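Engineer: Going line by line, the protein sequences match chains A and B. Per our numbering, residue 56 is the first one in the first sequence, and the count goes up by one each step. Per our numbering, residue 56 is the first one in the second sequence, and the count goes up by one each step. By construction, the Cβ of each residue, glycine as well, lies at the ideal position given by its N, Cα and C atoms. Small disclaimer: the values here were computed from a predicted structure and weren't measured. Dropping a structure here in structure tokens format, bear with me for questions.
Number of protein chains: 2
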Amino acid sequence: MEKQYVFLFDEGRADMKETLGGKGANLAEMTWAGLPVPPGFTISTEACTRYYTEAEQITPDIQAQIDQALQELENRVGKKLGDAQDPLLVSVRSGAVFSMPGMMDTILNLGLNDSTVQGLAELTGNHRFAYDSYRRFIQMFSNVVLDVDHYHFEHILEHVKETHNLTHDPELSAEQWQEVIAKYKELVRKETKADFPQDPKVQLDQAIRAVFKSWNNQRAIIYRRINKIPDHLGTAVNVQMMVFGNMGDDSGTGVAFTRNPSTGERELYGEFLINAQGEDVVAGIRTPQPIAALQNVMPEIFDQFHEIAQRLEKHYKDMQDIEFTVERGKLFMLQTRNAKRTAQAAVKVAVDLVKEGLITKEEAIMRVDPHSLDQLLHRRIDPHAEVNLIAKGLPASPGAASGQVVFDADLADKLANDGKKVILVRPETTPEDIHGMVASQGIVTSRGGMTSHAAVVARGMGKACICGCESLRIDLRTKQFTVDNLLIKEGDWISIDGGTGRVLLGEVQLIDPLLSLEFKQLLDWADEIRKIDVRANADNPEDSIKAREFGAQGIGLCRTEHMFMAVDRVPIVQEMILAETLEERQAALDKLLPMQQGDFEGILKAMEGLPVTIRLLDPPLHEFLPNLEELLVEITKLRMQADADPELLREKESLLRKVRTLHEFNPMLGHRGCRLGMTFPEIYEMQVIAIFRATANLKRLGIDAQPEVMIPLVGHVNELKAMRELVIQKANAVMGETGMHFNYMIGTMIEIPRAALTADEIATEADFFSFGTNDLTQTTFGFSRDDAEGKFLHQYVNDKILPDNPFAVLDQTGVGKLIETAEKLGRNVKPDLKLGICGEHGGEKSSIEFCYKAGLNYVSCSPFRVPIARLAAAQATIKNPR
Amino acid sequence: MEKQYVFLFDEGRADMKETLGGKGANLAEMTWAGLPVPPGFTISTEACTRYYTEAEQITPDIQAQIDQALQELENRVGKKLGDAQDPLLVSVRSGAVFSMPGMMDTILNLGLNDSTVQGLAELTGNHRFAYDSYRRFIQMFSNVVLDVDHYHFEHILEHVKETHNLTHDPELSAEQWQEVIAKYKELVRKETKADFPQDPKVQLDQAIRAVFKSWNNQRAIIYRRINKIPDHLGTAVNVQMMVFGNMGDDSGTGVAFTRNPSTGERELYGEFLINAQGEDVVAGIRTPQPIAALQNVMPEIFDQFHEIAQRLEKHYKDMQDIEFTVERGKLFMLQTRNAKRTAQAAVKVAVDLVKEGLITKEEAIMRVDPHSLDQLLHRRIDPHAEVNLIAKGLPASPGAASGQVVFDADLADKLANDGKKVILVRPETTPEDIHGMVASQGIVTSRGGMTSHAAVVARGMGKACICGCESLRIDLRTKQFTVDNLLIKEGDWISIDGGTGRVLLGEVQLIDPLLSLEFKQLLDWADEIRKIDVRANADNPEDSIKAREFGAQGIGLCRTEHMFMAVDRVPIVQEMILAETLEERQAALDKLLPMQQGDFEGILKAMEGLPVTIRLLDPPLHEFLPNLEELLVEITKLRMQADADPELLREKESLLRKVRTLHEFNPMLGHRGCRLGMTFPEIYEMQVIAIFRATANLKRLGIDAQPEVMIPLVGHVNELKAMRELVIQKANAVMGETGMHFNYMIGTMIEIPRAALTADEIATEADFFSFGTNDLTQTTFGFSRDDAEGKFLHQYVNDKILPDNPFAVLDQTGVGKLIETAEKLGRNVKPDLKLGICGEHGGEKSSIEFCYKAGLNYVSCSPFRVPIARLAAAQATIKNPR
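Take a look at the structure:
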């Protein structure tokens with residue numbers, strides 16, 4: 056049997072998404088469910104793929120199926136494409152497997168030509184509408200298919216309006232639209248050296264090809280890269296009978312969500328425009344009315360729509376995003392899809408749907424992208440802060456941000472790359488602005504509504520966004536905007552609150568977020584389900600308390616070097632490093648000991664009853680000394696000065712010698728980690744005594760401290776063996792001196808390939824392994840993060856040499872292989888070996904899933920990522936049943 | 056049955072070396088062969104091990120066996136230990152499995168006491184000898200067993216000689232020796248608070264324990280570390296009837312080799328002393344006569360000895376090192392063992408023994424330590440150089456060296472650690488000087504012969520050494536020596552030629568070695584046998600020619616960065632790096648292109664018909680720019696000078712900015728290798744065009760060039776894929792432009808763990824892998840060689856945290872695992888994948904054996920190591936039959 060490439064809407068179902076694309080499958084599903092969907096057919100994604108494999112040709116077999124489907128459509132609706140009396144008009148839209156809003160091209164009103172436009176005018180009795188539609192079609196088709204710049208058409212239209220002294224499009228008469236059409240066709244002839252195509256079949260053929268081609272336009276490619284959509288999928292093409300929202304005041308068009316996409320509240324939420332086509336809503340050119348107003352304008356239509364919306368939610372078991380059109384008092388459903396939503400809404404909707412009995416807890420957990428929680432966990436504007444409100448717009452995407460104003464996407468991108476924080480301010484955004492939106496802290500537009508491009512995209516990105524902030528008068532040429540009498544220039548600081556729509560002057564104090572009950576509920580469910588622990592990385596009591604609040608089950612990484620870097624300690628640390636004899640060094644260490652003990656007491660107390668993994672000193676000692684270059688410049692200056700203090704010079708020169716001695720060519724691969732402990736055991740001894748004295752002290756107070764001493768950068772079992780002996784010896788000494796018995800563990804970071812490769816040997820001396828995937832990634836790839844990210848890694852990710860930045864997303868093929876090897880070798884020797892991860896990957900969802908599958912006992916991440924990790928861990932558990 | 060710990064000499068055989076130690080097994084074997092060996096018994100190494108496991112006690116079962124063996128010995132020789140009339144005297148000597156000359160203690164004349172000494176005097180009729188023996192015994196026993204300092208005894212002896220106005224020991228009468236003995240015993244009583252033990256059984260018991268203990272004295276431990284002898288083996292103890300070379304002029308003692316241990320010539324070679332004990336020869340205190348002279352003094356003894364020496368060589372199928380004593384005209388064989396020899400001798404003896412039909416080619420190959428060839432391959436003093444001969448000594452160990460004079464081992468060690476070249480000059484050396492000998496370029500002694508401590512140890516180490524250079528008057532206090540009227544102070548430069556015994560003033564021109572016919576013969580046999588190729592690392596035509604001469608079968612690594620560093624090219628390279636635009640960069644590259652082409656033509660021509668692996672540019676670009684610190688100082692100075700040229704300052708500041716831009720935190724892990732090729736493809740394009748134009752040019756001249764283009768530092772297959780496309784494209788372009796077709800390969804270094812871990816992916820784009828084990832070791836261990844060797848690696852090796860320096864000896868457990876993984880994954884995908892190693896390990900024998908076992912096709916090393924690698928490769932092939 057011949058392969059089917061073209062499907063009438065009633066031939067498909069929702070589960071055919073891969074073939075029909077998201078939109079096509081939905082249209083099919085809605086048709087099947089008996090909803091008032093304008094009829095049509097879908098050309099499958101496979102046809103698109105074949106289009107590309109067949110040198111961008113539509114093969115005869117596929118063409119025949121298209122012709123046949125068109126004929127069937129004509130038969131069903133009783134209209135014919137190109138029929139001058141009763142012309143069939145169709146929309147031609149892209150529809151990929153994964154939604155890519157606004158990324159690919161769409162053509163409406165296809166089928167209009169010089170003769171059918173008259174038929175349409177006669178049939179509807181609305182000449183103005185018919186010619187307006189025709190000019191829209193020419194404009195859109197010429198732009199999308201014939202590649203004639205949009206700008207030229209706008210220019211003609213403006214000119215005609217000026218000639219007739221008119222301001223708004225609806226004021227133009229049919230004759231005036233005909234004048235526009237004539238000029239449009241002239242323009243097309245001039246630009247393309249050919250007449251605008253009059254044959255609707257040719258129009259259809261060219262439109263289908265254009266949609267196929269739009270799969271590979273620049274903005275679609277970028278969108279796919281950002282959203283990790285594979286390039287090979289292709290797009291389907293939906294050909295559907297046109298219905299018209301612009302046939303007068305009994306017509307209209309709108310977009311609505313079944314729940315509020317910002318908050319998740321259960322309420323019909325959206326906008327409509329009377330006497331308008333759908334693209335007017337989406338493009339944000341006219342500011343529409345809220346959907347609730349439809350109840351007053353068209354009460355019957357509203358009730359029907361409301362009933363259908365409820366039905367769709369039950370059917371799809373998720374919040375829907377619905378496009379509809381009313382043509383002369385008749386409701387048509389154009390599209391429904393699972394709605395994009397803010398993280399806040401995603402959480403609330405997921406939890407509510409469980410309570411409404413529509414989905415299970417597991418399904419609710421799978422509905423929320425863990426990384427999207429980031430925006431809920433990050434800071435918001437301090438309600439007590441003094442703020443200077445300068446404008447208010449629509450709260451299009453929640454979250455708070457401060458940054459310098461920029462007016463163009465390229466500049467935003469550039470400044471962000473230089474480490475600047477920017478807020479992108481635009482009249483409206485288009486798909487060409489995506490890179491600038493990605494680069495910005497937040498987005499403000501002066502036009503467009505809650506479903507405008509800026510709003511939809513920003514919510515998807517989790518960026519703060521304010522739309523339709525009409526009081527902003529933006530001047531792109533002079534790069535400034537005014538609001539009332541205030542002038543804001545490029546580079547000035549503003550802050551925005553996407554949750555309230557407030558635009559504030561200057562940089563504003565941000566504070567910690569308040570977490571909703573639904574958020575807590577969802578995480579509680581996640582905790583019930585997940586089978587891998589979540590710990591936090593924290594170096595002080597404050598962070599430890601925060602981590603515990605966020606649900607951390609222990610500290611996975613407490614870095615002790617941050618304690619050394621406190622302003623009041625650096626001089627003592629330097630004294631220790633610059634010591635010429637062991638006695639001098641010991642004297643400095645004796646001063647540090649009580650300070651370290653205090654640090655550990657605070658953290659261990661905050662984590663009472665939970666394990667705290669403390670890593671002994673890791674960075675090379677020169678990190679605590681003055682910068683070599685600065686010292687060199689200082690000394691050179693002193694030497695040039697005739698009146699310089701010779702004593703000072705000698706002192707500086709002596710310091711320089713020591714700095715030079717400790718200088719390293721590759722500090723990352725230098726004298727650090729346990730190598731310090733091996734050559735200066737007295738440093739580690741001091742730290743270990745501090746840990747155990749803190750433990751004993753707390754125990755005396757009845758507080759259960761659970762220290763886990765972690766030896767960093769072990770590459771050979773003998774290093775760990777020596778350090779383990781040191782730790783045990785000091786633990787026994789402290790037990791002896793305090794008379795307190797306490798429990799502790801000794802383990803190591805696995806952060807060097809050799810440690811993973813010889814994990815069987817290393818496990819014999821370790822109670823636990825903690826994978827330090829930051830360093831392990833650096834050594835496995837052989838590039839340092841500092842050097843790579845500034846020099847070539849960005850290009851590698853852009854050019855897809857690497858699928859992701861391996862410092863953000865764990866490289867499962869390479870680094871992951873070492874983790875699996877270490878797990879296998881280590882557990883072979885010691886089945887109860889405790890395994891965790893404490894690199895930054897511990898808070899990234901795909902990495903967490905990998906860790907779960909690899910059999911790790913816990914992941915550890917920054918306190919603010921703990922909720923993300925809890926959710927991701929639950930998802931990993933659900934996705935990988937054991 | 057009870058375990059046997061004690062063996063009479065006739066109960067053992069040569070193959071019981073592990074139990075009896077080398078010396079014990081040899082005594083047994085010689086006894087079994089009917090040679091005139093003084094009878095005795097051996098206490099096994101296992102008894103020593105038990106001594107240590109039983110808290111340093113000799114257990115009753117072992118004690119019983121010792122008692123029984125002693126009784127049997129007494130029965131056989133008809134003498135009794137402690138018998139005042141006819142006392143048995145014995146030697147007690149250590150004897151480990153591996154020879155450790157001079158490292159452990161020995162006691163002679165045991166059994167003497169106040170009463171047996173009189174018996175000995177009566178029996179021999181030589182009172183002087185008997186009391187001399189007794190005082191020697193007291194001195195040795197007190198020193199070794201009772202830990203009384205040697206110095207005290209010397210002091211007493213000197214004092215007695217002064218009192219009687221005597222100069223030399225032999226001048227002392229029996230009575231005078233009795234006077235010495237009385238004072239010795241008094242000294243012992245004072246120092247040990249006990250009388251010198253008179254019971255010979257107590258003496259024996261204490262002596263055995265002392266030998267066991269000497270296994271763990273400091274110098275033995277150091278010797279084992281240097282020679283990689285396991286600590287757990289333990290030493291055997293040999294108890295043997297004493298024979299006396301000091302019983303008058305019909306007695307004597309000597310040491311002889313069956314062949315010349317310096318040259319390998321087949322001639323009896325050694326020394327003897329009339330009327331002396333063996334230790335007088337070894338200690339180098341009296342300068343002995345050459346063995347040939349024995350023919351005149353004791354012709355019958357000489358003939359007998361000569362016959363036995365021949366027999367021993369046939370028996371052991373190797374050159375022997377024999378100790379003998381003549382007691383009143385009767386020859387006793389004290390010891391024979393496979394002789395230590397220079398590399399030159401080792402080669403000649405091995406080849407000669409094959410020719411003599413004693414051993415096979417394979418055995419000959421296994422007889423020579425590949426690394427010892429190093430000394431044959433290294434440079435010698437240019438015979439045409441003007442040299443200033445200041446002294447001549449014995450040519451104790453061949454090779455030439457220059458260095459600064461030092462007089463003490465500690466200082467030699469210290470200066471060598473600071474990178475200085477030193478020559479250790481001593482009156483004589485002792486085991487306490489070993490670390491200083493290791494650290495020196497060469498050794499000179501003013502006393503001692505060819506078998507003195509200095510000579511034996513230096514030959515073992517392959518160090519140049521001159522002994523018995525008596526014209527040197529060394530003053531250790533003032534740290535200088537004089538020779539004739541010349542004064543040489545510590546720190547002055549001298550040169551030595553260990554092959555001729557010449558000491559030269561100043562630093563002297565050294566030249567390439569001449570290789571013997573036997574050397575070539577051995578390597579030819581190695582080539583017949585080995586099944587793994589040997590290539591060389593060479594970056595220019597001269598080294599390539601040298602490599603070919605040494606037998607290299609291709610170039611395994613041609614580094615192109617050295618070509619960039621030529622003085623006349625650096626400015627152009629900098630121009631290329633500092634270019635602001637692609638055009639500017641291309642202009643500089645266009646200048647480099649013909650130069651690179653010339654480089655490649657030279658190398659490819661030198662290696663005509665053999666493969667040449669050319670690695671594209673590897674180091675980070677900042678390596679070619681001025682040093683940041685120097686630039687900083689220069690600019691600071693300019694800024695401080697009122698009259699500085701502002702133009703120059705601007706220029707330098709601009710340069711500094713660029714240097715800063717390219718600066719890296721960890722250059723080793725930075726923007727280098729193929730990462731350069733990915734971001735600046737034009738650089739690699741230039742190199743590839745140069746390679747292929749050179750290839751085409753040579754082909755036109757009828758010269759077969761076989762380039763293999765190697766992409767460095769690949770971590771992800773996509774890098775190699777992109778670079779492979781670049782190479783193929785340029786190859787095709789050059790073929791098109793020249794009209795010549797040529798063959799080439801494209802491969803990659805495996806020098807990053809990730810490359811090894813994903814070798815299956817990478818193999819799809821590679822014709823060959825070359826393991827860059829220098830970088831692979833750095834990334835697998837996570838330490839850079841530059842930083843580690845100066846900071847902690849030395850301590851790691853000393854403390855046995857690491858078994859070896861992993862940059863010298865391949866870490867088979869960690870790095871080796873990655874090589875095996877890459878081999879398996881790569882060949883799985885591509886069975887004919889060519890594999891090689893081009894790190895420094897390619898010239899190290901254990902690493903070569905590993906590579907052979909891992910299935911590599913070739914090793915590549917520096918040209919001078921090629922012969923070493925050829926021999927090691929043959930040994931690997933013999934040791935691992937497939």
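Is the Cβ-Cβ distance between glycine 458 (chain A) and glycine 491 (chain A) less than 8 Å?
Structural biologist: Their beta carbons are not under 8 Å apart, which means glycine 458 (chain A) does not touch glycine 491 (chain A) by this criterion.
Engineer: Taking the Cβ atom as the reference point for each residue, do isoleucine 892 (chain B) and alanine 924 (chain B) lie within a distance shorter than 8 Å?
Structural biologist: No. Outside cutoff.
Engineer: To which residues does DSSP link cysteine 916 (chain B) through a beta bridge?
Structural biologist: According to DSSP, which records beta bridges pairwise, cysteine 916 (chain B) is partnered with B:Ala591.
Engineer: Kindly give me the distance between the Cβ atoms of leucine 940 (chain A) and threonine 247 (chain A), rounded to whole angstroms, as I take these residues to be in contact under 8 Å.
Structural biologist: Look at the range of chain A in this structure, 56 to 937, and you will see that residue 940 (chain A) is not part of it.
Engineer: How big is the Cα-Cα spacing for leucine 212 (chain A) and threonine 391 (chain A)?
Structural biologist: Each residue's alpha carbon lies about 33 Å from the other.
Engineer: Does the Cβ-Cβ distance between isoleucine 193 (chain A) and isoleucine 162 (chain A) come in under 8 Å?
Structural biologist: No, the pair does not count as a contact, with Cβ atoms beyond the cut-off.
Engineer: Is the beta carbon of alanine 931 (chain B) closer than 8 Å to that of tyrosine 907 (chain B)?
Structural biologist: Yes. Within cutoff.
Engineer: Run through chain B and tell me which residues come within less than 8 Å of phenylalanine 905 (chain A), C-beta to C-beta.
Structural biologist: Simply none; closest approach about 15 Å.
Engineer: Counting only beta-carbon atoms, is aspartate 530 (chain A) nearer than 8 Å to chain B?
Structural biologist: Chain B contact via Cβ: absent.
Engineer: Going by C-alpha to C-alpha distance, which of B:Glu562, B:Leu637, B:Ile658 sits closest to glycine 611 (chain B)?
Structural biologist: Checking every option, the nearest Cα to that of glycine 611 (chain B) belongs to B:Ile658.
Engineer: Excluding five sequence neighbours on each side, which residues of the same chain lie with their C-beta closer than 7 Å to the C-beta of phenylalanine 905 (chain B)?
Structural biologist: Answer for phenylalanine 905 (chain B): Leu865, Gln867, Gly871, listed in chain order.
Engineer: Determine the direct distance from the alpha carbon of valine 442 (chain B) to that of glutamine 535 (chain B), and round the result to whole angstroms.
Structural biologist: Looking at the two C-alpha atoms, the distance is approximately 21 Å.
Engineer: Can you pull the chain B neighbours of leucine 687 (chain A), defined as C-beta to C-beta under 7 Å?
Structural biologist: Neighbours of leucine 687 (chain A) on chain B, chain order: Glu684, Leu687, Val688.
Engineer: Hey, quick one: how far does the beta strand (DSSP E) through lysine 135 (chain A) stretch, first residue to last?
Structural biologist: Segment: none, lysine 135 (chain A) is in no beta strand (DSSP E) and carries neither H nor E.
Engineer: Rounded to a whole number of angstroms, what is the C-alpha to C-alpha distance between valine 921 (chain B) and glutamate 583 (chain B)?
Structural biologist: The alpha-carbon atoms of valine 921 (chain B) and glutamate 583 (chain B) are separated by roughly 15 Å.
Engineer: Looking at the secondary structure, which residues open and close the alpha helix (DSSP H) in which arginine 603 (chain B) lies?
Structural biologist: That run of the alpha helix (DSSP H) goes 596 to 604.
Engineer: Compare the Cα-Cα distances from leucine 731 (chain A) to each of A:Met778, A:Arg190, A:Leu848 and report the closest residue.
Structural biologist: Nearest of A:Met778, A:Arg190, A:Leu848 to leucine 731 (chain A), Cα basis: A:Met778.
Engineer: If glutamine 652 (chain B) sits next to alanine 749 (chain B), beta carbons under 8 Å apart, how far is it from one beta carbon to the other, in whole angstroms?
Structural biologist: Their Cβ separation, rounded to whole angstroms, is 5 Å, which keeps glutamine 652 (chain B) and alanine 749 (chain B) in contact under 8 Å.
Engineer: Using CA atoms only, rank isn't needed, just tell me which of A:Asp673, A:Gln608, A:Asp305 is closest to threonine 615 (chain A).
Structural biologist: Cα-wise, what sits closest to threonine 615 (chain A) is A:Asp673.
Engineer: If you measure beta-carbon to beta-carbon, which residues of the region 755 to 774 of chain A are closer than 9 Å to chain B?
Structural biologist: Going along the region 755 to 774 of chain A in chain order, one finds Leu768, Gly770, His771, Asn773, Glu774 with a Cβ nearer than 9 Å to chain B.
Engineer: Would a check of beta-carbon distances place leucine 167 (chain A) closer than 8 Å to chain B?
Structural biologist: No, leucine 167 (chain A) does not count as interfacial toward chain B.
Engineer: Can you check the region 720 to 782 of chain B for any alpha helix (DSSP H) of at least 4 residues that lies completely inside it and give the ranges in chain order?
Structural biologist: As far as the region 720 to 782 of chain B is concerned, its whole alpha helix (DSSP H) runs of at least 4 residues are 729 to 734, 736 to 755.
Engineer: Throw me the rounded Cβ distance for the isoleucine 363 (chain B) and methionine 388 (chain B) pair, which I believe falls under 8 Å.
Structural biologist: Yes, they are in contact, since the Cβ atoms of isoleucine 363 (chain B) and methionine 388 (chain B) sit about 6 Å apart, within 8 Å.
Engineer: State the DSSP-derived secondary structure class of glutamate 382 (chain A), mapped to helix, strand or coil.
Structural biologist: Reduced to three states, the DSSP call for glutamate 382 (chain A) is strand.
Engineer: Use the C-beta contact count for histidine 771 (chain B): other C-beta atoms within 10 angstroms, 16 or more gives buried, fewer gives exposed.
Structural biologist: So histidine 771 (chain B) ends up on the buried side.
Engineer: At least one CB of chain B closer than 8 Å to the CB of proline 91 (chain A): is that the case?
Structural biologist: It does not; no Cβ of chain B falls within 8 Å.
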